[in-house]
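Here is the structure we will look at, set down as structure tokens.
This is how it looks when you write it as structure tokens:
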């Protein structure tokens, strides 16, 4: 994993580049999505916020830039809370096999 430390709330490395894991089928429902994991026959529901995070996971964009993009998307301030929430969402997606990490 790309955590700065082993603590579950540790910040992610700013230069880590999350990418959508191959083998997922995405079915968009308005601003939300259902992802089907073909390899594990699992279904994952992403609310609007989680889906916005997942869509930004292109394997090129570093973690440090994601909160700014989300702030623009949702017309909100980029603050410590948004950064922490973005990191939490990315950790959860990684734990559930929805993203993996590109080389920094």
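Residue numbers (this note's numbering): 2 to 105.
Every residue, glycine too, gets a C-beta built ideally from N, C-alpha and C.
From a predicted model like this one, the values you see are computed outputs, not experimental measurements.
Please classify residue i: is it buried, with 16 or more other beta-carbons within 10 angstroms of its beta-carbon, or exposed?
{"i": "residue 46", "result": "exposed"}
{"i": "residue 120", "result": "The structure shown does not extend to residue 120, since the chain spans only 2 to 105, so no value can be given for it."}
For residue i, collect the residues of the same chain with a Cβ closer than 6 Å to its Cβ; drop the 5 residues on either side in sequence, then sort them by chain order.
{"i": "residue 64", "result": "13, 15 and 17"}
{"i": "residue 84", "result": "68"}
Under the three-state reduction of DSSP, which class applies to residue i: helix, strand or coil?
{"i": "residue 91", "result": "helix"}
Task: Segments assigned alpha helix (DSSP H), at least 4 residues, entirely inside the segment 22-88 - done: 49-56 and 67-75
- [ ] Decide yes or no for the touch test of the segment 17-37 against the segment 69-89: beta carbon pairs closer than 8 Å, at least 3 of them.
- [x] In this structure the segment 17-37 does not touch the segment 69-89; the number of beta carbon pairs closer than 8 Å is below three.
Open item on the list: Using 8 Å as the cut-off, can you tell me whether the segment 87-95 makes contact with the segment 51-59, which would need three or more C-beta pairs spanning the two stretches below that distance?
Closed with: Contact between the segment 87-95 and the segment 51-59 is present, because at least three Cβ pairs lie under 8 Å.
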